[in-house]
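Each protein sequence line maps, in turn, to chains A and B. Counting in the working numbering, the first sequence runs from 1 upward without gaps. Counting in the working numbering, the second sequence runs from 369 upward without gaps. Report on one structure; see the data block that follows.
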Amino acid sequence: MTSRKHSARLFWSIWTKVIPLFLFVACVKPPEEKPQVETTEAQNRVLILNEGLWGQNNASFSVIDLDSATVQNKVFETINGRKLGDVGNDLEIYGHKAYILVNSSSVLEILDLETLESLKSIPLFDGNVARQPRQIAFHENKAFISLFDGNVAVLDTASLSIEQYIKVGRNPEGLTVQNGKLYVANSGGLDFPNYDTTVSVISLETLEEIKRIPVRINPNNVVADDNGNVYVASRGNHKDITPLLQKIDSYSDELVSIPEIKANTLWMHRDTLFMTLTNANTGKGTIGSYSTKTDQLIADDLVPALSNDILYGLAVHPQTSELFLATTPSYTAIGSIKVFDQKGNEKLSLATSILPRDFAFTSSTLNP
Amino acid sequence: MLRLIPISFLTVCCFLIQGAIAQSQTDTLSYKLGETVISLGDSTAPRLETTQTLTTVHTLEAKDLNKSNAKNVAEAVKSLPGVTVKDYGGLGGLKTVSLRSLGANHTGVMVDGIAVPDIQSGQIDLGRFGLDNLQAVEIHNQHYFSPPQTARSLAYAGSVNLVSANSTAPTQPLNLNARLQTGSFGQVEGGLGFVKKQGKRSFWGINGNISHANGEYPFLLENGNHQSEVNRKNSDISWFRIEGDYGIDFNDSTQLRAKIYYYDAERGLPGVVILYNEHSAQRLWNRDFFGQLKFTKQLKKNWSLLSVTKVSSAYTRYVDPDFLNTTGGLDDRFQQWEYYVSTGLSKRHSKHLTTFGAVDYFVNTLWGNQTNFPQPVRHNLLGSLGFIGKLHKFRLEGSLLSNYITESTASDASAPEKYRLTPTLAFGYKPFWGKELRLRIAYKEAYRLPTFNDLYYIRVGNTNLKPELARQFSAGIAYAKEDWGILETLQLQADAFHYRIRDKIIAIPTQDLFIWSVQNLGKVVTNGLELFAKASLKPIKKITPSLHFSYTLQNALDRTDPNSPFYGHQISYTPHETVAYGLGFEGKRWAFNWNGLYAGFSYALPENLAENVIPAWGTQDINFSYKLPLKQGKMTFRAELNNCFNQQYQVVKGFPMPGRNWRLGIQWNY
């Protein structure tokens, strides 16, 4: 009996000492978070919006200081003590503020451009249903925000409050201002395979839709040039109908015939339209440039040195004309910003966060 | 052949009806179960001794299930080594089981040794299977031989087998039980069950449960430096489940078992927690049904026969009214069917050699209400041959499984036909006569076929997918001992495994940025170690202590592309370490149990970065029960406290798990 008691004591001591030991001596330790450095108020900055992955609440905001060629990531979280949200969709600068649309969180974040502190966070909901903001454009102290629920919200950039909603087509995406009118690409993306095929034209005087221009199925990106034209890139149906670049004359609001180009993402830089193209033979993403004066493709592979990474965003520096590309090896991995000069030589490569997609340059806006 | 299936089911229904009508007949009190019938693979077999198999098998018997606070099979198997449960949280959240980091698609789920299919996603929600009507839950890693057995039971890299309580004849003429439970999150659940002997050689039983919960629970929402307590919303669930069993032993060597099962549920899907947008109005309806017949017969000259027929169906409806399309939301409906027949034979040539084989045929269909849904149909033909050889202290066993599948669709191209042959070989050695110490080593290849989602999902599916191959090596040592010092029973197992996955089916974006595609691209290499100990002690002052402990270490590393940023990284949702333990004390009328679980950190995404870490967590559960004998039967009162220290945690990123919660139950057994 005593031996049994002894064994019981032994058993108890094993239970209370050895097993907890197992719990604390976990052999494998997780990686540690790198501390984020506070941002300096450099003037020559590029703001980057990283989309993040749906459902991960990891949309983020990075700032590149071009003078020191360094990047600071997770800037919004560092400065504001909270996260940006889920799925970053658009970033633009207007006046002394930066505007960020967070799609799945359905929020418009407005930041002070110098301190990058959030001035206001505007939820975009219809009752409790997310309206899902997509893109933002500006005109005379008004911001226009395309909402996936088929509306464009009108925001006063002084009072930072939403004044009204304008009904447009299905699942509007890109929007741009030209000739006193707002052009909105109605994608109908959520009605797949029954996409929308129109661009809505809104009068900026009456704030009413005045026309719908029929275009190639699934229009997405729209940009304006300096000559009263609007360029529209349609994505097609991802099957037999290919992507297509189209041109709208804002005086007639009709399509103008141009060469057939399978463009995806667009960026207007002076008289040149930069775009991502998909090489029909290799399937590789390339960068093309197009003259808005002659309506001809200037080059179809500006950066031959570009790796096989996924090309997710494109911008051109307003002063230096350098190409800024957002690339990522995978949709679930850290992406980077690569800077190329006009000859296609890589000048800089900086890792940001998951899915970098959008750019805004402060130097031009702060020091006009 | 297919035409026969409905007929055999009609027969079963007739049996059931006959049983009901003939209920008034007097029952014979003494009832002798045919002793010779051992249809392995179900519960009539003596429960697997740890040291008898050449692969790692774990069994949770009803008494083990009672010791845990688990409400369903998924929660119950969490305590076993090598098991990772992907839990989307809450009462209605999806819970799938992955064995040794292979992923849920490689885990076969069987009821009484017969497969439960899911052709659409290939993942079975084990949160839907309750524990009330189970005799045992078995986890088989790699192969598990119990001839005669279906060919399909050899097709999985690992499986979870649920042994129905009523798959064996009851010992009493009539068993009745009534259950009532209530708990946190507005849980109310009631259940009724009975099993009755019918004449000398047959029995039948029915077991049903009905449950409702609003499912709302508070959790800590972290956002940068901010924390707030929020309620999980739209997580209500209502379900009922009914099972009917019928068994007849025509004579000592011939048995028939029939089972029908129906599960009906409606739930809200709270969805992933999205910052600044917590609203979800998504709903999910499920209706799962199966009916199975299992016939076993001992033939002359040591031959045994097994014959299985099964029909299964699953209906799902998913509604998202907030989806911003023109039809005002999503309303997706799917219906799948499977018709399954299998015949297996085994022969015991001598005490040294048993050989066995089986032929299985099953057909799967999937219907969906979306435009251009391809309505795929898959025919599967499986054949197996195997042997078990025993000589002296050695045991050698092996099998070959051939698998042929062919598919057709209503519209687009269908996947080409496939043929695969997969081997299994295992060797065991017992170094000491009369001692239950076994050394073992095993190799198995198992394919996970592409699911209909992988092949035909709108825009994403790829009909050219190959099956995903898992090559599994394992070596282990097992020891069992009874009546040793203070120990009544002792079971120890230590296993090392090396698993390699090739042609892993993963979704990747295509050149066209907006379209993802499913491809055979992944390679994963896993090295792991499992330790398991289970003991019950002899009573100390009329109190019987028991304990179990398990530890798993697994490094499951991506080996797909050396140039990828996550080459050599731990795959997502696979903790390196997990620890589970339990301690129980049982008196004459009362029992107290304490169970703990620790899961090390894991990653939500393939890249092993700090920002992708899902932190480690640990939970402690306790329960107390008291049995009160009554004139008629007995009453059991039970109180449970789960997650005692209110650990806030997530298993799947964005899906918070419940904090501290309780349950009270009362059960009457006759």
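Ideal Cβ placement from N, Cα and C applies to all residues, glycine included. Predicted, not measured: the structure shown is a model, and the values here were computed from it.
Determine the chain A residues that contact residue i at a beta-carbon separation under 8 Å, and present them in chain order.
| i | result |
| --- | --- |
| Ile642 of chain B | Gly55, Asn57, Gly85, Asp86, Ser104, Ser105 |
| Val981 of chain B | Pro30, Pro31 |
How would you label residue i, buried or exposed, when you count the other beta carbons within 10 angstroms and need 16 or more for buried?
| i | result |
| --- | --- |
| Phe618 of chain B | exposed |
| Gln540 of chain B | exposed |
| Ala581 of chain B | buried |
| Pro31 of chain A | exposed |
| Val256 of chain A | exposed |
| Ile873 of chain B | buried |
| Tyr787 of chain B | exposed |
| Thr176 of chain A | buried |
| Arg957 of chain B | exposed |
| Thr694 of chain B | exposed |
| His508 of chain B | buried |
| Tyr195 of chain A | buried |
| Ile939 of chain B | buried |
Helix or strand or just coil, what does DSSP make of residue i?
| i | result |
| --- | --- |
| Glu77 of chain A | helix |
| Lys761 of chain B | coil |
| Asp604 of chain B | coil |
| Thr412 of chain B | Below a pLDDT of 50, predicted positions are generally treated as unreliable, and Thr412 of chain B, at 36, falls in that range; the measurement from the model is reported next regardless. Thr412 of chain B falls in the coil class under three-state DSSP. |
| His269 of chain A | strand |
| Val441 of chain B | helix |
| Asp191 of chain A | helix |
| Ile385 of chain B | Below a pLDDT of 50, predicted positions are generally treated as unreliable, and Ile385 of chain B, at 34, falls in that range; the measurement from the model is reported next regardless. Here Ile385 of chain B sits in helix by DSSP. |
| Ser252 of chain A | coil |
| Leu881 of chain B | Any answer about Leu881 of chain B is weak, because its pLDDT of 49 lies below 50 and its placement is not dependable; what the coordinates show is given next. Residue state, collapsed to three classes: coil. |
| Glu979 of chain B | helix |
| Gly615 of chain B | strand |
| Ala670 of chain B | Reading the sequence as shown, one finds Asn at residue 670 of chain B and not Ala. In the structure shown, Asn670 of chain B sits in a helix (DSSP, three-state: H, G or I). |
| His580 of chain B | strand |
| Asn128 of chain A | coil |
| Lys665 of chain B | strand |
| Asp65 of chain A | strand |
| Glu432 of chain B | Note that residue 432 of chain B corresponds to Asp in the displayed sequence, not to Glu. Helix, per DSSP. |
| Gly1001 of chain B | coil |
| Tyr935 of chain B | coil |
| Arg216 of chain A | coil |
| Thr423 of chain B | coil |
| Ala649 of chain B | coil |
Against residue i, what residues of chain B qualify as contacts under a CB-to-CB distance less than 8 Å, listed in chain order?
| i | result |
| --- | --- |
| Ile334 of chain A | Pro933, Glu975, Leu977 |
| Phe148 of chain A | Leu692 |
Applying a beta-carbon distance threshold of less than 7 Å, which residues of chain B neighbour residue i?
| i | result |
| --- | --- |
| Pro329 of chain A | Ser932, Pro933 |
| Asp191 of chain A | Asn693, Thr694 |
| Glu77 of chain A | Gly592 |
Opposite residue i in the DSSP bridges: which residues?
| i | result |
| --- | --- |
| Leu548 of chain B | B:Gly558, B:Ile1034 |
| Gln566 of chain B | B:Ser570 |
| Tyr787 of chain B | B:Tyr772 |
| Gly526 of chain B | B:Thr475, B:Asn509 |
Taking residue i as the query, report the chain C residues whose CB atoms sit under 8 Å from its CB, ordered along the chain.
| i | result |
| --- | --- |
| Gly81 of chain A | Reference to chain C is not applicable here, since the protein chains of this structure are A and B. |
Since residue i meets chain A, which of its residues come closer than 7 Å, beta carbon to beta carbon?
| i | result |
| --- | --- |
| Asn645 of chain B | Ser104, Ser105, Ser106, Ala130 |
| Lys1021 of chain B | Gln56 |
Selection of the segment 594-619 of chain B by Cβ proximity to chain A, strictly under 9 Å:
His594
What residues in the segment 444-469 of chain B bring their beta carbon closer than 7 Å to a beta carbon of chain A?
none
Report the residues of the segment 1000-1019 of chain B with a CB closer than 8 Å to any CB of chain A, ordered along the chain.
none
Residues, ordered as in the chain, of the segment 749-781 of chain B that lie near chain A by beta-carbon distance below 7 Å
none
Name the residues in the segment 681-694 of chain B whose C-beta lies less than 7 Å from a C-beta of chain A; which are they?
Asp690, Phe691, Leu692, Asn693, Thr694
Mind listing which residues of the segment 116-131 of chain A have their C-beta closer than 7 Å to chain B's C-betas, in chain order?
Pro123, Asn128, Val129, Ala130
Check each residue of the segment 558-592 of chain B: if its Cβ is closer than 8 Å to any Cβ of chain A, include it; give the result in chain order.
Asn591, Gly592
Contact list for the segment 817-830 of chain B against chain A, Cβ threshold 8 Å
Ile826, Arg827
Select from the segment 942-975 of chain B all residues with a C-beta closer than 7 Å to any C-beta belonging to chain A, and list them in chain order.
His944, Glu945, Val947, Tyr949, Leu951, Tyr966, Gly968, Phe969, Ala972, Leu973, Pro974, Glu975
What are the residues of the segment 165-186 of chain A that lie near chain B, defined by any Cβ-Cβ distance shorter than 8 Å?
Arg170, Asn171
Using a Cβ cut-off of 7 Å, which residues of the segment 228-260 of chain A contact any Cβ in chain B, in chain order?
Arg235, His238
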